[in-house]
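J.: Under numbering that gives the first Met the number 0, the first residue of the sequence shown is numbered 0, with each subsequent residue one higher.
All C-beta atoms, glycine included, are put in the ideal place defined by N, C-alpha and C.
None of these values were measured; they are calculated from a predicted model.
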Amino acid sequence: MGKGGGCVPSKKKKPSSLSTTGGDDHGTEYEDADNIPLPIEDDQTTATNTAGTTTPAISPVKIFVVFYSMYGHVESLARRMKKGVDGVEGVEAKLYRVPETLSKEAVEQMKAPVKDTEIPEITAAELAEGDGFLFGFPTRYGCMAAQMKAFFDSTGKLWKEQTLAGKPAGFFVSTGTQGGGQETTAWTAITQLVHHGMLFVPIGYTFGAGMFKMDSIRGGSPYGAGVFAGDGSREATETELALAEHQGNYMATIVKRLAQP
């Protein structure tokens, strides 16, 4: 995390604009000013020298969006989440996927799509370079998928040295049904953060009226963004993607605030 000397009066920025056009389950949700997500305060810090001129920009705050996605549902949230993070000045998101633990033959038999090779696999050691994290994964009986658990299990050296202690992290999930674990999947994952001494950052109800939308099915909870995958054929709705973007924007603001001296 960078340091700057001096600051200008704080400004307020709202979350990055959320889409207002798309499928049948949205389109008017944010047209009314009462329905937009709650504003997020973003204190801007500009380093200046004694001559009053601006110094070179400091390194951006880095948020790693680390996920496992077999059929692409979690990945769709991750991509939109990156957009939200990148919408905050001075913060950048990097997408990573965790290694697959199933054999190539098993993945092919499950008819999983080919993974995007432009998104690199992350190693446990690389987590040390991040300032904040958003971990995404599908549910398996109310808990994270084995692939993500295997990745956390590989972070023993970081745990021993408490390298990640004090760093903020959040979760986003995918479930097959409405009772499939939109909350419990994130809730049971908190233990991973606790042992590392990390700070869990939920989104609460900062999404505003979108959190109370009841006229269509929507994944997500106060714990974080989410999508309902159904039998695998259902894609994330614009409302679910907008929540993911909001979480990225919200997380970026929190991590940036903690990074400031």
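Determine the closest residue to F206 out of A224, Y67, P98, L198, with distance taken between C-alpha atoms.
T.: Answer by Cα proximity: A224.
J.: Who pairs with K61 in a beta bridge, going by DSSP?
T.: According to DSSP, which records beta bridges pairwise, K61 is partnered with E91.
J.: Determine the direct distance from the alpha carbon of S58 to that of T138, and round the result to whole angstroms.
T.: Roughly 35 Å between the two C-alpha positions.
J.: In terms of residue numbering, what span does the alpha helix (DSSP H) encompassing S173 cover?
T.: Element bounds for S173: not the alpha helix (DSSP H) but the beta strand (DSSP E), 167-174.
J.: For V226, which beta-bridge partners are listed by DSSP?
T.: S173, per the DSSP bridge assignment.
J.: Flag this pair as touching only if the region 146-164 and the region 199-213 have three or more C-beta atom pairs under 8 Å; answer yes or no.
T.: Segments in contact, no.
J.: Around the Cβ of V113, are there at least 16 other Cβ atoms within 10 angstroms (buried) or fewer (exposed)?
T.: By the 10 Å Cβ count, V113 comes out exposed.
J.: Given this structure, state the Cα-to-Cα distance separating G175 from P260, to the nearest angstrom.
T.: About 43 Å.
J.: Taking just the CA atoms, how far does R217 sit from G229?
T.: About 12 Å.
J.: CA-CA distance, D214 and K156?
T.: Approximately 47 Å between the Cα atoms of the pair.
J.: Determine the DSSP secondary structure at R217, reduced to helix, strand or coil.
T.: Correct three-state label for R217: coil.
J.: Which value, in whole angstroms, describes the spacing of the CA atoms of C142 and G131?
T.: So the alpha carbons of these two residues sit roughly 22 Å apart.
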